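The numbers in the working numbering rise by one with no breaks, and the one at position 36 of the sequence shown is 156. Structure first, then comments.
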Amino acid sequence: MAAVISIVESGRYVIAAASPQPGITVAATILDLLDRRPKIAGWDWIIDVRCAYQQATPSEIDQIAAAFNRATSRQGFVIYVSEDPASHDRCAMIAPKFRNRCFLVAHTLSSAKLLLPRIMPSI
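Okay, structure coming up:
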């Protein structure tokens, strides 16, 4: 079973939620989506790994970082939803691979959404 992807066009962010079932990982699902829509790599991302059956491999992380790095020159956010205290350390380890990305960790999807930057309308 693949991860569940929600694309929020109006907010320019993507939510990727891991599946608790063995099968296609959230990382593989993200890579497939980035192959089809490379520009959304420049958007903000919420990655919910609370139910992940399997973690991303170092190769998958490198491929995702390369896609994100090609897509944007502006500051972007990746917010992991996890209750695992080690998530902060994992984010700190992979963050240097990503240019112009701020990594955050939230415990719930609703709190992750609150961490997304707001786009202010011009006056």
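The beta-carbon is built from N, C-alpha and C at its ideal position, and this holds for glycine as well. Every value quoted in this text rests on a predicted model; they were computed, and no experiment measured them.
Residue i (DSSP reduced to helix, strand or coil)
i, result
"residue 196", "strand"
"residue 169", "coil"
"residue 126", "strand"
"residue 135", "strand"
"residue 186", "helix"
"residue 164", "strand"
"residue 226", "strand"
Separation of residue j from residue i, as counted between CA atoms
i, j, result
"residue 162", "residue 237", "14 Å"
"residue 183", "residue 190", "11 Å"
"residue 126", "residue 133", "9 Å"
"residue 241", "residue 153", "Its pLDDT being 48, under 50, residue 241 is placed unreliably in this model, and the value from its coordinates should be taken loosely. If I take the Cα positions, the gap works out to 29 Å."
"residue 223", "residue 142", "26 Å"
"residue 216", "residue 146", "21 Å"
"residue 208", "residue 214", "10 Å"
"residue 193", "residue 220", "7 Å"
Which listed residue (the options) has its alpha carbon closest to that of residue i
i, options, result
"residue 171", "230, 232, 234 and 124", "124"
"residue 164", "180, 187 and 135", "135"
"residue 138", "205, 190, 148 and 219", "148"
"residue 198", "178, 179, 173 and 234", "234"
"residue 196", "144, 159 and 155", "159"
"residue 218", "203, 180 and 156", "180"
Beta-carbon gap between residue i and residue j smaller than 8 Å
i, j, result
"residue 201", "residue 150", "no"
"residue 173", "residue 205", "no"
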